[in-house]
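Plus 290 on top of the position in the sequence shown (first one is 1) and you've got our numbering. Where is the CB? At the ideal position from N, CA and C, for every residue including glycine.
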Amino acid sequence: LTIGDPSRQKDGEKPSPMLSVRGLPLKVLQRAVDTYNKGADPRGGKALKVGLINGTDTGVVVGAVEACFTFSAGLLRQIPPATESQGRVPFSQRKPEYSVEFLKVTAPFHSPVIANASSHIMEDAKASPLFAAVKGTDLSFPVYSTMDGSDLREIDGPLLPRLVAMQVEEVLDWMKTTSSIGEKPTIIVDFGPGGKRGVAAISSRHLGGRAVTFVHASPDGLPSPAHSGTELLVSLTAEVLLPKPWEEDFAPRVVRVGNSRDLVIDNRFSRLLGAPPLLVAGMTPWSHFQQVGATNKAGYISELAGGG
Numbered sequence: 291l292t293i294g295d296p297s298r299q300k301d302g303e304k305p306s307p308m309l310s311v312r313g314l315p316l317k318v319l320q321r322a323v324d325t326y327n328k329g330a331d332p333r334g335g336k337a338l339k340v341g342l343i344n345g346t347d348t349g350v351v352v353g354a355v356e357a358c359f360t361f362s363a364g365l366l367r368q369i370p371p372a373t374e375s376q377g378r379v380p381f382s383q384r385k386p387e388y389s390v391e392f393l394k395v396t397a398p399f400h401s402p403v404i405a406n407a408s409s410h411i412m413e414d415a416k417a418s419p420l421f422a423a424v425k426g427t428d429l430s431f432p433v434y435s436t437m438d439g440s441d442l443r444e445i446d447g448p449l450l451p452r453l454v455a456m457q458v459e460e461v462l463d464w465m466k467t468t469s470s471i472g473e474k475p476t477i478i479v480d481f482g483p484g485g486k487r488g489v490a491a492i493s494s495r496h497l498g499g500r501a502v503t504f505v506h507a508s509p510d511g512l513p514s515p516a517h518s519g520t521e522l523l524v525s526l527t528a529e530v531l532l533p534k535p536w537e538e539d540f541a542p543r544v545v546r547v548g549n550s551r552d553l554v555i556d557n558r559f560s561r562l563l564g565a566p567p568l569l570v571a572g573m574t575p576w577s578h579f580q581q582v583g584a585t586n587k588a589g590y591i592s593e594l595a596g597g598g
């Protein structure tokens with residue numbers, strides 16, 4: 291990706307110091323940030339950083355408002371216009387498709403730009419010495435670091451400096467954080483104000499299929515796969531709240547055929563049709579009758595499509 295001058299900025303959108311980018315692989319986003327930073331003056335506080343990692347293709351770039359605006363404009367230049375179809379363009383030659391949106395905030399959290407705020411917060415905390423003296427070992431249940439997913443109960447010292455750093459300047463890696471929540475979490479409750487773009491929605495993207503129920507604690511709630519807090523109170527049966535893990539019913543397994551030494555891949559598809567666990571989808575020109583015939587003769591199931 292190349293970063294250019296401001297253009298194609300969304301009408302009516304107010305720039306902010308936090309820019310959400312969805313649909314762009316994190317490695318590509320990081321390279322774009324690195325490219326931008328090569329031309330930025332780090333002494334002027336214009337360097338950017340990927341401050342939040344919400345998924346494999348979802349991140350938030352943080353920094354000065356002016357820098358985020360210029361970076362956003364460069365990204366927007368490379369998104370194909372809504373009127374431009376890429377349906378007939380080879381996949382390897384297509385322009386990237388992603389969305390760019392400024393968050394409605396006034397400070398770049400998870401950024402070194404506001405690192406000085408940590409000392410002021412710690413100074414204010416002296417007014418509550420009891421809270422400031424709490425150690426990680428004092429916690430009675432797991433609290434996970436949003437940077438690396440580590441258990442904060444392992445900190446044998448004041449906990450407040452770490453909590454402040456996680457909010458102010460450390461990178462928030464939500465994938466690492468949620469992967470640390472035990473082996474088989476069953477219910478995740480979202481107490482935040484994010485609504486359809488909150489923690490429940492973000493978590494469901496990379497925890498889907500693991501029999502986790504997401505509950506939004508606000509009265510409004512969320513559409514499936516998340517449930518509202520009201521629904522959680524009304525539905526008291528585990529059968530209603532807790533889905534079954536995807537792998538329990540659908541995951542392929544390696545099994546032995548009879549008394550032989552032959553091992554085959556077994557799943558519900560192969561048991562139903564008595565064929566290898568692979569369906570060759572039909573899509574013009576792949577659904578040509580000669581191709582379908584050759585696939586069937588090889589012992590596989592192939593779809594005969596009727597497209598033009």
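Taking just the CA atoms, how far does residue j sit from residue i?
{"i": "K394", "j": "S408", "result": "22 angstroms"}
{"i": "D414", "j": "S310", "result": "31 angstroms"}
{"i": "V554", "j": "G499", "result": "24 angstroms"}
{"i": "A541", "j": "E460", "result": "37 angstroms"}
{"i": "S599", "j": "V390", "result": "In the structure displayed, the chain extends from 291 to 598; residue 599 sits before or after that span and is not available."}
{"i": "L453", "j": "L342", "result": "16 angstroms"}
{"i": "F504", "j": "R551", "result": "43 angstroms"}
{"i": "S440", "j": "A490", "result": "21 angstroms"}
{"i": "Y388", "j": "P380", "result": "18 angstroms"}
{"i": "K249", "j": "K466", "result": "The requested residue 249 is not part of the displayed model; the chain covers only 291 to 598."}
{"i": "Q580", "j": "G482", "result": "56 angstroms"}
{"i": "S401", "j": "A584", "result": "57 angstroms"}
{"i": "V545", "j": "D556", "result": "6 angstroms"}
{"i": "A577", "j": "S592", "result": "Reading off the sequence shown, one finds Ser at residue 577, where the question assumed Ala. Those two C-alpha atoms are separated by around 8 angstroms."}
{"i": "S469", "j": "V582", "result": "42 angstroms"}
{"i": "P567", "j": "R561", "result": "9 angstroms"}
{"i": "A417", "j": "A372", "result": "55 angstroms"}
{"i": "H410", "j": "I404", "result": "11 angstroms"}
{"i": "K304", "j": "T325", "result": "24 angstroms"}
{"i": "L338", "j": "D539", "result": "45 angstroms"}
{"i": "Y590", "j": "A397", "result": "57 angstroms"}
{"i": "P419", "j": "D331", "result": "40 angstroms"}
{"i": "D446", "j": "Q376", "result": "56 angstroms"}
From which residue to which residue does the beta strand (DSSP E) around residue i run?
{"i": "L342", "result": "339-345"}
{"i": "D324", "result": "Premise fails: D324 lies in the alpha helix (DSSP H), 316-328, not in any beta strand (DSSP E)."}
{"i": "F359", "result": "No beta strand (DSSP E) contains F359, which is instead part of the alpha helix (DSSP H) from 355-367."}
{"i": "I411", "result": "Element bounds for I411: not the beta strand (DSSP E) but the alpha helix (DSSP H), 407-415."}
{"i": "F504", "result": "503-506"}
{"i": "L553", "result": "553-556"}
{"i": "R452", "result": "No beta strand (DSSP E) holds R452; the alpha helix (DSSP H) holding it covers 450-458."}
{"i": "F381", "result": "No beta strand (DSSP E) contains F381, which DSSP labels as neither H nor E."}
{"i": "F392", "result": "389-392"}
Using DSSP's beta-bridge definition, name the partner residues of residue i.
{"i": "S494", "result": "None, per the DSSP bridge assignment."}
{"i": "L569", "result": "I591"}
{"i": "R546", "result": "L553"}
{"i": "T348", "result": "R312, G345"}
{"i": "L462", "result": "L342"}
{"i": "D441", "result": "Y434"}
In three-state DSSP terms, what is residue i?
{"i": "I471", "result": "coil"}
{"i": "I477", "result": "strand"}
{"i": "L601", "result": "In the structure displayed, the chain extends from 291 to 598; residue 601 sits before or after that span and is not available."}
{"i": "G426", "result": "helix"}
{"i": "F399", "result": "coil"}
{"i": "P419", "result": "helix"}
{"i": "K304", "result": "coil"}
{"i": "K486", "result": "helix"}
{"i": "S375", "result": "coil"}
{"i": "R500", "result": "coil"}
What are the boundary residues of the alpha helix (DSSP H) that residue i is part of?
{"i": "D539", "result": "536-540"}
{"i": "G583", "result": "579-587"}
I believe residue i touches residue j by the beta-carbon criterion, under 8 angstroms. Please report the beta-carbon distance rounded to the nearest angstrom.
{"i": "L672", "j": "V340", "result": "Residue coverage of the chain in this structure runs from 291 to 598, which leaves residue 672 outside it and unanswerable."}
{"i": "R495", "j": "G345", "result": "5 angstroms"}
{"i": "F421", "j": "Q457", "result": "Between Q457 and F421 the Cβ distance is about 15 angstroms, and since that is not below 8 angstroms, they are no contact."}
{"i": "L449", "j": "G426", "result": "5 angstroms"}
{"i": "P533", "j": "A501", "result": "5 angstroms"}
{"i": "A357", "j": "K336", "result": "5 angstroms"}
{"i": "S306", "j": "F392", "result": "4 angstroms"}
{"i": "I471", "j": "Y434", "result": "7 angstroms"}
{"i": "L442", "j": "L429", "result": "6 angstroms"}
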